[in-house]
Each structure stands twice: as structure tokens, then as C-alpha cells.
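Engineer:
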Amino acid sequence: MAHVLLSPALDRAGRPSALKIATLVLLVVPLVWLAVRFIVGDLGPRPLAELNHQTGLWTIRLLFITLAITPLRGLLRWPKLIQVRRMVGVTTALYAILHVVTYAADQAFVVDRIVNEVLVRTYLTIGFAALIGLLALLATSTDAMLRWLGGKRWRLLHRIVYLIGAIGIVHFAWQSKLDVTQPIIMAGLFLWLMGHRVMDAWVGQKGRLPSWAIFGLAPATGLLTALGEALYFWLRNGVDPVRVLDANLMLEAGLRPGWSVFAIVGGLALIALARRDRAVGRRAAPVASAAE
Ligand code: HEM
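Each position in the sequence shown, counted from 1, maps to that position plus 58 in this note's numbering.
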């Protein structure tokens, strides 16, 4: 029993893993923080609605962190990172369940009303589809399910995580109404996550992208995010796309989402290059000392 409870903190050999323990703590912190704020009455006039918002935000953040683990372990030369992917993925689904439970609680658990809202409001129907996907991934996340399904079918099923990411962003943007900065930044980061995978399949060597591809992706995703933002405002509010692109260039309306995305993925590219140089340096060092 104790082993089952401790298992999230152990590595495959059954030893305590510092990385897993740290990840577990970080994953629980938002939940504890929200619980404390709820108990002391620090969540505003509609605490359940606020809990619903906060758990929604954490669901999408954790989903993106799960998706980022594969590229990050190559970029940061940190293969052990893969050990925490399942843990972060499972926690994402648990936050999604909390998100829906707090919504149901806010609706006083009146089932007819909840079902009707989910059927009638498109953004809730979309959220529901994402939830079903996350539950399917949660149910098949164990080693036993992996063996039962077989590696090929399991991998195929788990590819729906990309679809869940995409519809999660739509759900996020749809309910945001006025300020869509965060969903657009998320959409840009999602583009990068997908772009990285496409490039990896195309030019990657053993899961490692060449430097030109890592650096090329940063401005490309920043630019595509700016174009996506312009397209969004054109389709939704009829705003001239040139005006939005101009605001991006002139920075007159502050740092637009395209720049934020460029800063985040450009920063990652710089860290990746530094890590790569260090790794090359370490490999070259014994050769140099042998030559001395
Ligand atoms: C049956 C499933 C779901 C329901 C009923 C639901 C319901 C809601 C509701 C009612 C809101 C607040 C809308 C408002 O105040 O106008 C919301 C926001 C949100 N939801 Fe969901 N949702 C579901 C699934 C999901 C899933 C699976 C994700 C993530 C992948 C997600 C991510 C979000 C995010 C990021 C927000 C915005 C939070 C904020 O900006 O404060 N939701 N959702």
C-alpha cells in the first residue's frame, strides 16, 4: 500500500527521484494555494466561478507543459525529463475534472441545466470534447493499459493530445470575450510545439534539431502568431489586418502576443544553444588534454 502511494515519487528502479518529487510538489502547489484562498474567502464574490477560471487556466497550462516535455528534453539535453511526462499529463486531467466539478458546483449541480448549457453553448461543447479526450488519455495512462493496447495503438490513441490542445485553445479564446492576449499567446506556443515536432520528423537527428532549425522556428512562430492575431481580429471584429500588424511593428499597443511568443521560444533557443555548446565542449575536452 505504502509503495502504491509513494510510486509517483519513485523512479523505475524503485528509488526516490528528486526530479519526480520536485515535480509532484510543483503540481500540487496551485491546488493547495486555491484551496487555502477558498477556505479564507479570498476568491471574490463568486468563489466557485473563480475556482472554475483558475482550474481552467491550470488545465491548459499543464497540458502545454506536458506537450513541451518531449521537445524540451532534446533542447535542454535533459533526457530524464521524460520521467515526469506521465505525472504532468495525469495531473492535467485531474485539474480538468476539478474545472468541470467547480462549474457544476457553481450551477448548484442542477444536471438538466448543465447538460442543456453544454449542448447549447458551443464553447462548452468544445470544452466537453476536450474533457472526454483527456479522460480517455487518463484511463489509458497506466503500464497495464499500454501493454493491453500495444505500443502502436497506444501511441496512435495518445496523438489525440494534439487535438485536445487545439480545441482547448478554442475553448479558452471563445470564453475570453474581450481580452484574447493569453489565448493568442497559447496558440503561438502551440504552433511552436507542433512546428518543433514537424521539424524533428523532417530534419531531426535522434530527436535533436540542428541549430538553424531551432533558431528559425522562433521568428517563424512569432510572425505566424502576429498574422494569426490579425486574422482573428479581422474575422471577429472586422479590424483591418494591416492595423494589427502595424501595432505589432510599432509596439504602440504594448508588447503584442507575437513578441511574447518570440521572446519565450527565442529564449529557449538561446538556452538550447548554450547547453549544446557546453556538451560539445565537454566532449572536446578529453581530446584536447590527450593532445597536450
Ligand atoms: C465539460 C468540460 C468543460 C466545461 C463545462 C468548461 C467550462 C468552462 C467555463 C464555464 C469557463 C468560464 C467561462 C466564463 O466565465 O465565461 C471555462 C473557462 C476555461 N476553460 Fe473550461 N470547461 C470544460 C473543459 C475544459 C478543458 C478540457 C480545458 C483545457 C484543456 C478548459 C480550459 C479552460 C480555460 C483555459 C478557461 C479560461 C479560464 C480563464 O481565463 O479564467 N476547459 N470553462
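We put the beta carbon where it would ideally sit given N, CA and C, even for glycine.
Since the model is a prediction, treat every value here as computed from it, not as a measurement.
#1: Nearest-angstrom Cα distance between ALA231 and ILE242?
#2: Could you say if the stretch 135-155 and the stretch 105-122 meet the contact criterion of at least three C-beta pairs nearer than 8 Å?
#3: Could you check what DSSP says for GLN165 in three-state terms: helix, strand or coil?
#4: With a threshold of 7 Å, establish whether the CB of VAL158 neighbours any heavy atom of the ligand HEM.
#5: Cβ atoms of LEU207 and LEU215: under 8 Å apart, would you say?
#6: What separation, rounded to the nearest whole angstrom, lies between the Cα atoms of ALA346 and PRO129?
#7: Counting C-beta neighbours from all protein chains within 10 Å, is the total for TRP136 16 or more, i.e. buried, or is it exposed?
#8: How many Å lie between ASN306 and GLN263 at the Cα?
#9: With distances taken Cα to Cα, identify the nearest neighbour of PHE359 among LEU92, PRO277, ALA76, PHE186.
#10: Count the other C-beta atoms from every protein chain shown that fall within 10 angstroms of the C-beta of ALA349, then say buried if there are 16 or more, exposed otherwise.
#11: Cβ of SER75 within 8 Å of Cβ of LEU68?
#12: Taking GLY223 as the reference, give the member of MET203, THR239, LEU189, ARG213 with the closest Cα.
#13: Is any heavy atom in the ligand HEM found nearer than 7 Å to the beta carbon of PHE167?
#14: Just verifying my parser: in three-state terms, what is the DSSP assignment at LEU267?
#15: My assumption, with CB atoms under 8 Å, is that GLU287 sits in contact with ARG266. Please give the rounded CB distance.
#16: Mind checking whether ILE225 and ILE184 have CB atoms under 8 Å apart?
#17: Taking the straight line between their C-alpha atoms, what separation do you get for ARG179 and GLY99?
#18: Helix, strand or coil: which one does DSSP assign to LEU115?
Structural biologist: So, from the data block:
#1: Translated into positions along the sequence shown, residue 231 becomes position 173. Translated into positions along the sequence shown, residue 242 becomes position 184. So the alpha carbons of these two residues sit roughly 8 Å apart.
#2: yes
#3: Counted from its first residue, the sequence shown places residue 165 at position 107. In this structure, GLN165 counts as coil in the three-state DSSP scheme.
#4: Mapped onto the sequence shown, residue 158 falls at position 100. It does: the Cβ of VAL158 is within 7 Å (strictly closer) of some heavy atom of the ligand HEM.
#5: Within the sequence shown, residue 215 is the residue found at index 157, counting from 1. Within the sequence shown, residue 207 is the residue found at index 149, counting from 1. Yes, they are a contact pair.
#6: Looking up residue 346 in the sequence shown gives position 288. Looking up residue 129 in the sequence shown gives position 71. Confidence in ALA346 is poor, its pLDDT being 44 and thus under 50, which makes the residue's placement unreliable; the coordinate value appears in the next sentence. Distance between the alpha carbons of ALA346 and PRO129: 31 Å.
#7: Taking the first residue of the sequence shown as 1, we reach residue 136 at position 78. Result: exposed.
#8: Sequence index remark: in the sequence shown, residue 306 carries index 248 (1-based). Sequence index remark: in the sequence shown, residue 263 carries index 205 (1-based). Going by the C-alpha atoms only, they are around 35 Å apart.
#9: In the structure as shown, the chain begins at 59 and stops at 350. Residue 359 is therefore absent and cannot be evaluated.
#10: Here residue 349 corresponds to residue number 291 of the sequence shown, with the count starting at 1. Its pLDDT being 39, under 50, ALA349 is placed unreliably by the model, and the measurement read from it follows with that caveat. Per the 10 Å Cβ criterion, exposed.
#11: For the purposes of this step, residue 75 is identified with residue 17 of the sequence shown, where counting begins at 1. For the purposes of this step, residue 68 is identified with residue 10 of the sequence shown, where counting begins at 1. Less than 8 Å divides the Cβ of SER75 from the Cβ of LEU68.
#12: For the purposes of this step, residue 223 is identified with residue 165 of the sequence shown, where counting begins at 1. Answer by Cα proximity: LEU189.
#13: Translated into the one-based positions of the sequence shown, residue 167 becomes position 109. For the ligand HEM, not one heavy atom lies less than 7 Å from the Cβ of PHE167.
#14: Reading the sequence shown from its first residue, position 209 is the one you call residue 267. Coil, per DSSP.
#15: To locate residue 287, count along the sequence shown from 1; it is residue 229. To locate residue 266, count along the sequence shown from 1; it is residue 208. The pair is not a contact, with the Cβ atoms about 31 Å apart (cut-off 8 Å).
#16: For the purposes of this step, residue 225 is taken as residue 167 along the sequence shown, with counting starting at 1. For the purposes of this step, residue 184 is taken as residue 126 along the sequence shown, with counting starting at 1. The Cβ atoms of ILE225 and ILE184 sit closer than 8 Å to each other.
#17: The sequence position of residue 179 within the sequence shown is 121, counting from 1. The sequence position of residue 99 within the sequence shown is 41, counting from 1. Each residue's alpha carbon lies about 30 Å from the other.
#18: Taking the first residue of the sequence shown as 1, we reach residue 115 at position 57. Residue state, collapsed to three classes: helix.
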